[in-house]
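Colleague: Chains as they are written, first to last, in my numbering: chain D, 2 to 115; chain F, 1251 to 1291; chain A, 21 to 89. Note that the Cβ used here is the ideal one computed from N, Cα and C, for glycine as well.
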Amino acid sequence: ENWCLTSEEFEEWSRIYKLKESDGVKEPILPQSHFETLENMEEIAASQAEDAHKLSLSEWRLWQNRPFPTHLVDHSARCFHFIDVMEMIELMRHEEGDCSYELEIQPYLNMNDI
Amino acid sequence: QRLKAAVHYTVGCLSQEVAEDKEIQFSKQSIAAISEITFRQ
Amino acid sequence: ETVNKILHLHFRDDKTKISSDALLLMAEMLKVFVREAAARGARQAQAEDLDRVDIEHVEKVLPQLLLDF
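1) Could you tell me the boundaries of the alpha helix (DSSP H) in which Y102/D lies?
2) Look at the Cβ atom of I106/D, then the Cβ atom of Q1251/F, and state whether they are nearer than 7 Å.
3) Is there a C-beta anywhere in chain D that falls below 7 Å from the one on E1293/F?
4) If we cut at 7 Å on Cβ distances, does T22/A have a partner in chain C?
5) Helix, strand or coil, according to DSSP, for F11/D in the structure here?
6) On a Cα-Cα basis, can you pick out the residue from A1269/F, Q1279/F and T1260/F that is closest to L92/D?
7) Taking only beta-carbon positions, decide if S34/D is within less than 7 Å of chain A.
8) Okay, do the segment 69-77 of chain A and the segment 1265-1282 of chain F touch, 3+ Cβ pairs below 8 Å being the bar?
9) Where does I1281/F fall in DSSP's three states?
10) What does the alpha-carbon distance come out to for the pair Q1266/F and R60/A?
11) Evaluate E97/D with the Cβ neighbour count: other Cβ atoms within 10 Å of its Cβ, from every protein chain shown; 16 or more gives buried, anything less gives exposed.
12) Going by the DSSP bridge assignment, what does P29/D pair with across the sheet?
13) Using 7 Å as the limit for Cβ to Cβ distance, is F90/A near chain F?
14) Can you pull the chain F neighbours of V81/A, defined as C-beta to C-beta under 7 Å?
15) When you check each C-beta in the segment 1260-1286 of chain F against every C-beta of chain A, which residues fall closer than 7 Å?
16) Can you check whether the C-beta of A58/A is within less than 7 Å of a C-beta belonging to chain F?
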């Protein structure tokens, strides 16, 4: 009931950190995902309240090209892939015209593979 | 690398279809990023 | 065939086999994945009134895309 806190700790949290109505903090929501290629399958729920704080998965993307420290539970394989691609995007960000990725693998293209 | 090149080429073709459909262009770098994501996926 | 080879890159056991249906499904899923990634990138670029999808548009849609697949 007290989130594993002692009653003193819980009282301190309640007094100092607990968000109150008066703090005016909006309800954080993650915007509903939308599939472009399945257009008529679902409509974005109009119920997404305007005054809610819409969270953004890309707000802190500049930090997402490296794994941050973990404790007990490591990053997933999928997360490591995401980090690697973000790092690749960071390295290619300022390229104009020719693409280093394309130039690197072009010699290996074999039309029989397509 | 050969498999990656095949994926990259195919991603380029599929993205070209989307480009025509959406009347927009894709930079080579954006195709490369989608290609790398797909290969890992 | 290319998808088959990519999958075998990641199978732990070389003797692992995959049925043609599963292969077709995987290839189709990857096509949907690519089209969805490209379409989301395009939507992001158009939301910024640009007529060219650049790498940061793909970067912005990447987290949600990976969560959705």
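Modeller: According to the structure shown:
1) S101 to I106
2) yes
3) Any answer about residue 1293/F is impossible in this case: the structure gives chain F only from 1251 up to 1291.
4) This model lacks chain C altogether, as its protein chains are D, F and A.
5) In this structure, F11/D counts as helix in the three-state DSSP scheme.
6) Q1279/F
7) yes
8) yes
9) Collapsing the DSSP output to three states places I1281/F in a helix.
10) Their backbone Cα atoms lie some 14 Å apart in a straight line.
11) exposed
12) Its beta-bridge partners are H54/D.
13) Because chain A is modelled from 21 through 89, residue 90/A falls outside the range shown and cannot be assessed.
14) Going along chain F, no residue has its Cβ under 7 Å from V81/A, so there is no contact; the nearest lies around 10 Å.
15) V1261, L1264, S1265, V1268, K1272, I1274, Q1275, F1276, S1277, Q1279, S1280, A1283 and I1284
16) yes
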